[in-house]
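Q:
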Amino acid sequence: ETGATTDEGTEGGGEQLQGEIAIDGSSTVYPIAEAVAEEFMLEQPDVQVTVGLSGTGGGFEKFIAGETQFSNASRPIKDEESQALADAGIEFTELQLAYDGLSVVVNKDNDWVDQLTVDELKKMWVDNGTAVKWSDVREGWPEEEIKFYSPGTDSGTYDYFNEVILEDAQINKTATLSEDDNVLVQGVTGDANAIGYFGYAYYLENKDNIKVVPIVNEAGEAVEPNAETIESGEYAPLSRPLFTYVSNAAIADEEAVAAYAQFTLENAAALAEDVGYVSLPEEKYTEQLETIEGLK
Amino acid sequence: MKMALTAVNSKKKPEMMEQEERLVYNTKNLNLWYGDHHALKNINLGIKEKDVTAIIGPSGCGKSTYIKTLNRMIDLVPGVKTNGTIEYRERDIFSKEFLVEELRTRVGMVFQKPNPFPKSIYENIAFGLKIHGIKNKQIINETVEKSLRGAALWDEVKDRIHEPAYGLSGGQQQRLCIARCLALEPDVILMDEPTSALDPVSTLKVEELIQELKERYSIIIVTHNMQQAARISDKTAFFLNGEVVEFDSTDTIFNSPADSRTDDYISGRFG
Amino acid sequence: MKMALTAVNSKKKPEMMEQEERLVYNTKNLNLWYGDHHALKNINLGIKEKDVTAIIGPSGCGKSTYIKTLNRMIDLVPGVKTNGTIEYRERDIFSKEFLVEELRTRVGMVFQKPNPFPKSIYENIAFGLKIHGIKNKQIINETVEKSLRGAALWDEVKDRIHEPAYGLSGGQQQRLCIARCLALEPDVILMDEPTSALDPVSTLKVEELIQELKERYSIIIVTHNMQQAARISDKTAFFLNGEVVEFDSTDTIFNSPADSRTDDYISGRFG
Amino acid sequence: MENTARVKSEEMVGRIDGRLMKNKVIKGIFLAATAFTTIILMVLLYRIISQGAPYLSWDFFQNFASRRPEQAGIKAAVIGTIWMMSVVIPTAAILGVGTAIYLEEYAKKSALTRWIQMNISNLAGVPSVVFGLLGLTIFVRVFGFGNTIIAAGFTMALLVLPVVIVASQEAIRAVPNELKEASFGLGATKWQTIYRVVLPYAIPGIATGSILAFSRAIGETAPLIVVGIPTFVAFLPSGYLDQFTALPMQIYNWTSRPQVEFHNLAAAGIIILLAVLILMNSVAVWIRNRFQAR
Amino acid sequence: MKTPNQDVSPVQQLLEKKYNGGFLNRREKIIPIVLFIMAAVSVLTTVGIVLTLIFETVTFFKDVSIVEFFTATEWYPFSNTDPVYGIWPLVLGTLKITLIASLFAIPIGLAVALYLSEYASTRTRKIMKPILEVLAGVPTIVYGFFALTFITPVLREIFPSLELFNAISPGIVVGIMIIPTIVSLSEDALSSVPEPVRHGALAMGSTKWETASKVIFPAALSGILASIVLGVSRAIGETMIVSIAAGSTPSAALDLTSSLQTMTSYIVQVTTGDAGFGTTIYYSIYSVGFTLFVFTLAMNMLAQFISKRFREEY
Ligand SMILES: Nc1ncnc2c1ncn2[C@@H]1O[C@H](COP(=O)(O)OP(=O)(O)OP(=O)(O)O)[C@@H](O)[C@H]1O
Ligand SMILES: Nc1ncnc2c1ncn2[C@@H]1O[C@H](COP(=O)(O)OP(=O)(O)OP(=O)(O)O)[C@@H](O)[C@H]1O
Ligand SMILES: [Mg+2]
Ligand SMILES: [Mg+2]
Ligand SMILES: O=P([O-])([O-])[O-]
């Protein structure tokens with residue numbers, strides 16, 4: 087399988103490229119980026135690829151400063167950031183790499199939650215000044231205070247959750263925030279009244295210790311996150327795309343960057359699944375490959 | 029040399045023969061090893077109350093070792109083995125029942141280099157009382173004054189007893205260390221070359237002090253200065269290679285020693 | 029006491045009057061202050077070549093200060109002010125052109141406490157040569173042997189010259205420090221109480237060495253031991269309170285001093 | 073007089089048992105504290121070792137980072153750390169010892185000297201993140217080094233510099249004055265005395281103090297994060313202006329991954345880091361023993 | 063200059079040549095200058111830190127009122143609607159962690175140091191100190207997970223009401239982390255009190271404890287204080303342990319059982335997070351960094367003042 091992509095990937099006639107490629111940005115996207123870089127360097131050992139994890143915003147900061155060619159993001163670029171890029175004279179292209187299904191999870195001993203709607207999520211998570219008990223969410227649930235575990239307010243994951251669930255309302259101030267998703271896993275595992283959310287990969291890895299909550303989508307079905315439901319878009323609205331942004335000038339000027347962009351799109355599907363994310367539908371990659379072709 | 033010493037010695041006040049022969053320390057067949065090194069060999073020595081007993085001998089002969097054994101400071105050296113007994117006022121100092129803390133309270137020690145505590149003059153002297161649970165301010169104040177007077181230091185420092193002891197000159201520091209002992213009203217004071225780090229003036233002062241102290245305390249003093257031994261002591265023990273060669277009245281030792289090695293040493297033929 | 033000293037002194041070999049009067053050091057109107065403290069007061073002293081000149085006096089009288097001024101080690105003390113001149117071989121030691129490094133190379137110094145470097149015996153002696161840029165192995169080897177012989181130490185250490193100097197006894201260390209000076213073939217050797225930290229045996233050895241060295245070097249020695257001054261020196265200067273009270277041949281100073289203060293000090297009436 | 077003295081003495085002697093008891097109890101408490109600390113640290117070590125030891129293999133040393141835990145290795149991080157330390161150690165050692173010599177041997181006791189001294193002890197307490205911010209602004213941006221070995225190395229060197237200075241100062245101050253006098257007395261110049269007498273004597277102290285500081289530089293994560301050191305680097309640097317990654321960065325990254333295998337790899341990485349620390353400390357102990365055999 | 067009867071030795075010849083050839087040594091003049099420049103680096107570092115922090119801090123205060131910064135009791139920069147920048151919760155978080163760490167580490171650290179210097183055999187001391195020193199270098203992420211996955215569960219067994227993220231567990235672990243620093247430096251200070259002073263006390267019949275507490279400890283006080291200051295500074299500056307085990311909820315509550323955020327963990331959160339360059343949030347890390355710098359500066363000054371007051375010379 088990889089053999090096939092190799093031939094296409096080095097279509098310059100199997101020539102060996104040289105150069106340096108600096109990638110930085112989202113820690114959520116990092117595993118995919120690392121996998122791509124790892125595979126790419128097997129084929130092009132003379133191209134030195136580095137991947138950092140300064141976070142989506144930190145990545146853009148470097149991208150704007152012209153220090154990186156690719157900037158990984160777990161959310162779409164913000165207006166201020168594209169403005170700053172425009173000011174710096176850097177044109178860019180957005181590439182979607184994969185989906186991540188934000189997984190809402192509860193403690194294993196939680197036997198009452200079977201599914202949640204977006205409204206229920208919002209009711210729980212938005213700060214309305216009163217402490218929320220499970221019984222406030224649905225009749226018959228225990229009269230226990232809910233313990234919230236959320237990624238830090240400065241993360242792409244939080245950003246997305248904010249967009250689709252909180253809709254810019256203040257998150258419940260009793261929520262425990264942590265930058266490290268493993269820490270959140272620990273939180274939910276250790277607390278019977280806990281609820282939390284984080285990247286699908288973290289749920290997948292810990293599925294024996296925590297329970298994922300099916301979320302009711304617009305069609306009214308309660309859907310559990312898994313590879314199919316995320317890819318097909320059934321798991322909504324909590325599946326989100328992951329991006330990398332690439333500098334157009336770099337693609338045009340540096341063969342290695344163009345080859346890398348191409349390689350990324352060709353292999354993202356397989357590699358994303360390898361590291362616990364979900365691939366996009368095939369045609370999305372093809373479309374983007376064409377865009378790249380046009381920039382060369 | 030010998031002549032000179034005699035001259036000095038003759039100035040000493042006559043021995044008090046009338047006093048009954050009470051021993052503060054009685055050492056019997058004491059042997060001591062540092063690891064394999066046999067440092068004290070079969071020492072037998074009875075030390076009389078209210079005497080100044082000088083211990084002389086060439087470097088390395090075991091003077092410091094012996095004096096440190098008397099208050100068991102030698103315990104602090106790892107790997108030391110002893111046998112034989114030392115009796116302090118008829119109690120075996122090596123026995124379990126005789127706590128070193130008690131022994132050291134009754135037997136004060138003055139070291140070669142003045143070693144005051146890095147505290148004020150006052151606190152240096154109050155230290156001993158405080159650790160022994162004496163808290164009464166008045167008793168402490170009185171004792172501080174009494175001890176400083178006893179060490180002939182009071183007049184020099186009375187205006188600055190709350191200043192650091194390290195501001196004193198070497199000789200004053202040494203007298204402070206003596207005062208520190210006196211505060212506990214010891215029975216015996218051990219001194220290991222107490223003046224060897226001092227200048228002549230300070231040495232003289234300390235020697236004078238020793239002369240006064242002997243009225244009330246038994247004093248055992250190690251010195252490598254034979255003139256000093258001659259000047260201040262009643263009895264002298266001559267150590268050589270870990271053995272007591274001769275122990276007698278200072279007069280005898282310096283003027284008509286029984287052993288030829290003593291004579292050789294005294295007259296500067298070696299050591 | 030005086031009698032004793034005379035007795036010792038008389039053993040000294042007669043002064044060499046035949047030698048012409050050449051001065052190594054000529055001190056003129058020297059004054060020195062530590063901050064406000066006037067430590068040396070109008071010193072005038074001419075020191076003769078190949079003499080052993082002893083400097084005596086009670087503690088704090090300025091002996092060390094004076095000797096440290098002679099090779100400008102006093103420069104290391106902050107806040108020292110001097111006026112007057114000291115000429116070394118007719119060159120003003122305070123002048124800009126006379127570098128202290130040269131002065132100290134020509135004038136060796138031995139300190140109160142033996143202070144060998146924490147290196148091997150060999151390296152201790154080679155040190156002076158190396159800092160002066162002498163790299164020739166053969167010269168160094170020869171000099172090491174010659175200096176150790178000169179310091180009467182060769183026989184004792186020849187089998188272990190590459191072992192650490194700290195393994196030597198105090199007296200050997202002090203002789204090593206002397207050997208270290210000799211390696212630079214100095215003209216004058218200054219000694220500040222070189223035996224006061226030593227035991228009697230070692231003291232004797234060092235004294236003997238000084239007697240030998242005076243054949244070839246001019247020696248200035250500070251001592252608080254009057255017997256020592258009497259035993260080894262040709263001339264003696266008596267310092268008191270930063271002043272030179274009397275400077276004369278040792279015989280005169282010890283037997284018929286001109287100044288009554290000298291007499292008082294020599295005979296132990298103070299100090 | 074005689075009498076009162078005796079009585080007092082008896083009174084004091086009577087209290088000895090109580091005092092000894094107190095001594096014993098306190099000794100017990102101290103011993104317990106020591107045992108407690110040791111045990112906690114042993115538990116910490118045990119957890120790391122039992123988790124990481126199975127992952128230590130030749131491949132682990134040979135391989136670059138990988139998305140597959142079983143292929144992932146620590147080569148880039150180890151080599152990167154070595155490169156970084158090759159900047160940190162000489163920079164901090166030369167600046168630190170130089171500063172210490174200046175302050176101890178040359179500086180006059182002036183207000184300026186006191187101010188420099190105070191400044192150094194303050195710097196020792198400045199959090200490492202703040203040094204990270206400094207490195208980011210000065211070395212990465214202003215000097216334009218980017219997030220390279222030299223930028224990270226200088227940042228870390230500044231971070232540990234105060235500790236190196238203080239340790240060196242103490243070591244230099246401990247050189248007996250007599251030795252300096254001996255050297256001056258032989259006509260040595262000031263620098264010769266410093267170079268040939270003071271420094272050799274002070275080296276064990278300088279080395280032990282500094283190695284502790286360098287151990288800290290090896291284990292610090294926060295400044296590297298702030299400076300923006302990349303994590304995935306699948307090549308070895310060939311110069312000081314190359315990018316690199318370092319052990320704590322790699323460990324940090326692995327601990328934050330979802331897969332438990334990566335957490336185990338992190339533990340294996342920590343074992344390596346501890347091994348490096350132990351090695352460095354052994355060097356310190358060796359230096360101390362070697363030079364103190366005088 | 064030579065006496066005539068003496069044959070001129072090679073050594074003197076060489077020396078003679080050296081001094082006649084002039085002994086002008088430029089090196090001796092240049093070296094102090096070079097060394098001074100080295101000493102200036104640490105001053106420049108401080109200047110660099112202050113400048114770095116102050117410029118961005120000033121920019122920050124263009125957006126946020128300085129009054130709000132010091133008086134508001136909420137730190138909520140990420141709110142899209144109305145962000146609040148009141149430094150107090152972060153300062154409080156730092157104080158809580160520092161306080162718990164100090165309460166834990168200072169007594170234990172000093173007890174261990176006293177044990178090692180006054181009671182333990184030389185051998186024990188020789189083994190223990192390097193071990194502790196190695197542990198001083200364990201990366202703090204390791205301690206962080208130790209807090210979260212070991213200490214916290216143990217504490218929660220004992221106090222079930224303790225939340226997963228709290229001040230106590232990371233506080234204790236920060237304490238554990240700084241114990242080696244305190245032990246190592248205090249032990250140095252204690253054992254550098256000269257042996258004769260110790261013997262002086264023992265010879266008066268004092269027990270080891272009396273000697274240690276009344277003589278040795280006061281004599282070593284300034285060194286001990288320095289070790290404490292360094293340890294506490296590290297507690298104030300500690301980042302990873304707190305980020306992992308204390309959550310990241312800036313909280314103005316005095317309660318120790320719930321999640322909090324410290325100044326340092328905020329800085330790391332933002333640098334690894336999402337904040338865009340040039341945003342107020344981005345500048346806020348410099349203002350927090352500056353506050354932190356002032357904080358440690360104040361503590362160091364205080365400590366120096368104290369140590370000067372209690373210094374006992376020996
Ligand atoms: N801690 C020790 N370990 C091993 N040997 C020791 C120790 N202390 C002393 N010795 C040895 O024991 C012997 C007697 O030593 P001691 O210190 O009692 O001699 P001294 O008569 O006091 O000599 P000095 O006049 O030099 O003080 C010497 O040979 C010495 O080397
Ligand atoms: N560094 C210094 N600063 C200030 N005063 C000093 C210093 N060194 C010595 N003095 C003072 O100068 C005077 C002379 O001191 P010096 O050391 O020369 O005396 P000394 O004759 O050598 O005495 P000793 O026999 O005790 O060695 C003394 O009063 C001393 O207190
Ligand atoms: Mg002795
Ligand atoms: Mg002197
Ligand atoms: O690293 P982030 O994906 O949370 O920006």
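Protein chains in written order, with my numbering: chain A, 87 to 382; chain B, 29 to 299; chain C, 29 to 299; chain D, 73 to 366; chain E, 63 to 376. Backbone N, C-alpha and C fix where the C-beta goes; we use that ideal spot for every residue, glycine too. If you're wondering where the values come from, they're calculated on a predicted model, not measured in any experiment.
Starting from residue 279(B), follow its DSSP beta bridges and name the residues at the other end.
A: For the purposes of this step, residue 279(B) is taken as residue 251 along the second sequence, with counting starting at 1. Note: residue 279(B) sits in no beta bridge, so no partner.
Q: Quick one: list the residues of chain D neighbouring residue 105(E), beta-carbon separation under 7 Å, in chain order.
A: For the purposes of this step, residue 105(E) is identified with residue 43 of the fifth sequence, where counting begins at 1. Going along chain D in sequence order, the residues near residue 105(E) (Cβ under 7 Å) are 188, 191.
Q: Does DSSP classify residue 287(B) as helix, strand or coil?
A: On the second sequence, residue 287(B) is found 259 positions in, with the first residue counted as 1. Note: residue 287(B) maps to coil in three-state DSSP.
Q: Measuring from the CB of residue 141(A), is there a heavy atom of ligand 5 at a distance below 7 Å?
A: To locate residue 141(A), count along the first sequence from 1; it is residue 55. Under cutoff, so the answer is yes.
Q: For residue 106(C), does the count of other Cβ atoms within 10 angstroms reach 16, so buried, or fall short, so exposed?
A: Position 78 of the third sequence, counted from the first residue, corresponds to residue 106(C). Answer is exposed; the Cβ neighbour count stays below 16.
Q: Among all residues, which have a Cβ less than 5 Å from at least one non-hydrogen atom of ligand 2, and in what chain order do they fall?
A: Spelled out in chain order, the answer is 227(B), 62(C), 67(C), 87(C), 88(C), 89(C), 90(C), 91(C), 92(C), 93(C), 105(C).
Q: Quick check for students: name the residue ranges of the alpha helix (DSSP H) that lie wholly in the region 329-355 of chain A, counting only runs of 4 or more.
A: Counting only runs of 4 or more, we get 334-339.
Q: Residue 160(B) versus chain C: which residues are under 9 Å apart at the beta carbon?
A: Residue mapping note: residue 160(B) aligns to position 132 of the second sequence, counting from 1. None at all; the shortest Cβ gap to chain C is about 36 Å.
Q: Could you give the distance in angstroms between the alpha-carbon of residue 321(D) and the alpha-carbon of residue 312(D)?
A: The residue you call residue 321(D) lines up with position 249 of the fourth sequence. The residue you call residue 312(D) lines up with position 240 of the fourth sequence. Straight-line Cα distance between these residues: approximately 18 Å.
Q: Does the CB of residue 212(B) have a neighbour CB from chain E at under 8 Å?
A: Walking along the second sequence from the start, residue 212(B) turns up at place 184. Yes, its Cβ sits closer than 8 Å to a Cβ of chain E.
Q: Just tell me which of 106(A), 302(A), 222(A), 155(A) has its CA closest to the CA of residue 171(A).
A: One-based indexing of the first sequence puts residue 171(A) at position 85. Cα-wise, what sits closest to residue 171(A) is 155(A).
Q: Mind listing the chain G neighbours of residue 187(B)? Cutoff is C-beta to C-beta under 8 Å, in chain order.
A: Any reference to chain G falls outside this structure, whose protein chains are A, B, C, D and E.
Q: Could you tell me the boundaries of the beta strand (DSSP E) in which residue 89(D) lies?
A: In the fourth sequence, the residue the question calls residue 89(D) occupies position 17. Unbroken run through residue 89(D) is the alpha helix (DSSP H), 88-124; no beta strand (DSSP E).
Q: Residue 73(E): buried (16+ other C-beta within 10 angstroms of its C-beta) or exposed?
A: Along the fifth sequence, read from residue 1 onward, the residue named residue 73(E) stands at position 11. Answer is buried; the Cβ neighbour count reaches 16.
Q: For residue 151(D), which of 333(D), 319(D), 356(D) has the nearest alpha-carbon?
A: Counting from one through the fourth sequence, the residue named residue 151(D) turns up at place 79. Nearest C-alpha to residue 151(D): 319(D).
Q: Return the CA-CA distance between residue 249(B) and residue 77(B), expressed in angstroms with no decimal places.
A: Here residue 249(B) is taken as the residue at index 221 of the second sequence, counted from 1. Here residue 77(B) is taken as the residue at index 49 of the second sequence, counted from 1. Straight-line Cα distance between these residues: approximately 14 Å.
Q: Straight-line CA distance for residue 2(B) to residue 256(E)?
A: With chain B running from 29 to 299 in the structure shown, residue 2(B) is simply not present.
Q: Using 8 Å for Cβ pairs, my map puts residue 55(C) next to residue 73(C). What's the rounded Cβ distance?
A: In the third sequence, counting from the first residue as 1, residue 55(C) sits at position 27. In the third sequence, counting from the first residue as 1, residue 73(C) sits at position 45. Indeed they touch by this definition, with Cβ atoms about 4 Å apart.
Q: Exposed or buried, what is residue 65(B) when buried is set at 16 or more other beta-carbons lying within 10 Å of its beta-carbon?
A: For the purposes of this step, residue 65(B) is taken as the residue at position 37 of the second sequence. Looking at its Cβ environment, which holds fewer than 16 other Cβ atoms inside 10 Å, residue 65(B) is exposed.
Q: Straight-line CA distance for residue 147(C) to residue 141(C)?
A: Taking the first residue of the third sequence as 1, we reach residue 147(C) at position 119. Taking the first residue of the third sequence as 1, we reach residue 141(C) at position 113. If I take the Cα positions, the gap works out to 17 Å.
Q: Measuring CB to CB, does residue 304(B) end up less than 8 Å from residue 267(B)?
A: With chain B covering only 29 through 299, there is no way to say anything about residue 304(B).
Q: Within a Cβ cutoff of 6 Å, which residues of the same chain sit near residue 231(B), ignoring the five residues on either side of it in sequence?
A: Walking along the second sequence from the start, residue 231(B) turns up at place 203. Counting only Cβ-Cβ distances below 6 Å, and skipping sequence neighbours, we find 223.
Q: Per the contact definition of three or more C-beta pairs closer than 8 Å, is the region 165-182 of chain D in contact with the region 92-102 of chain E?
A: Yes, the region 92-102 of chain E is in contact with the region 165-182 of chain D.
Q: Can you tell me whether residue 100(C) is buried or exposed? The criterion is at least 16 other CB atoms within 10 Å of its CB, across all chains shown.
A: Sequence index remark: in the third sequence, residue 100(C) carries index 72 (1-based). Flag for residue 100(C) reads buried.
Q: Looking at chain D, is there any beta carbon in it that lies within less than 8 Å of the beta carbon of residue 36(C)?
A: Counting from one through the third sequence, the residue named residue 36(C) turns up at place 8. Model confidence at residue 36(C) stands at a pLDDT of 42, short of 50, so the residue's coordinates are unreliable; what they give is reported in the following sentence. No, no contact with chain D.
Q: Comparing the CB of residue 303(D) with every heavy atom of ligand 5, is any distance shorter than 7 Å?
A: Looking up residue 303(D) in the fourth sequence gives position 231. Because no heavy atom of ligand 5 lies under 7 Å away, the Cβ of residue 303(D) does not count as near it: no.
Q: Strictly under 8 Å for the Cβ-Cβ distance: is residue 291(B) near chain C by that measure?
A: For the purposes of this step, residue 291(B) is identified with residue 263 of the second sequence, where counting begins at 1. Not one chain C Cβ lies under 8 Å of residue 291(B).
Q: Is it right to say residue 330(D) is buried, meaning 16 or more other beta carbons lie within 10 angstroms of its own, or is it exposed?
A: The count along the fourth sequence starts at 1 and reaches residue 330(D) at position 258. So residue 330(D) ends up on the buried side.
Q: If you pair each beta-carbon of the region 283-302 of chain D with each one of the region 126-134 of chain D, do three or more pairs fall below 8 Å?
A: The region 283-302 of chain D, when compared against the region 126-134 of chain D, does not touch it at the 8 Å Cβ threshold.
Q: Counting Cβ pairs, one atom from each stretch, are 3 or more of them under 8 Å apart for the region 285-296 of chain E and the region 219-233 of chain E?
A: As far as the Cβ criterion goes, the region 285-296 of chain E does not touch the region 219-233 of chain E, which means the pair count is below three.
Q: Please determine, among 122(A), 184(A), 200(A), the residue with the shortest C-alpha to C-alpha distance to residue 371(A).
A: Counting from one through the first sequence, the residue named residue 371(A) turns up at place 285. Among 122(A), 184(A), 200(A), the Cα nearest to that of residue 371(A) is on 184(A).
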